[in-house]
Amino acid sequence: MLVEQSYGLTFFLKSSKNEKIRHIYVRITVDGIPKETSTKRKWYPDRWDQKEGKAIGTKEDAKTLNTFLES
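Using this note's numbering, read the sequence shown as starting at 626 and increasing by one per residue.
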């Protein structure tokens, strides 16, 4: 018997008090049950695409971060 499971993966910035740079978290959802953990990386809110869950820009730092998030 084959059991179907659903899963999702979302990256987001977690708000910090008065910090210009924020921690990047990942939310993993399996069968509707979400768990969050830190990626141990930080990023700037003004250079973050909330909808896509990745860094904005063509600079090397943005490319490096997006490669990390995709791996």
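Beta carbons are placed, not taken as given, at the ideal position from N, Cα and C, and that holds for glycine.
Asked: Hey, out of Q630, V651 and E644, whose CA is closest to T662's CA?; Found: V651
Asked: Below 8 Å CB to CB, which residues in the same chain sit around D656 once its five sequence neighbours on both sides are set aside?; Found: Q630, S631 and Y632
Asked: With respect to 7 Å, is the separation between the Cβ of T692 and the closest non-hydrogen atom of the ligand PLP below this value?; Found: Among the components of this structure there are no ligands whatsoever, and the ligand PLP is therefore not found.
Asked: Just tell me which of P659, K684, T664 and T654 has its CA closest to the CA of L638.; Found: T664
Asked: Going straight from the alpha carbon of R647 to that of K679, what length do you get?; Found: 13 Å
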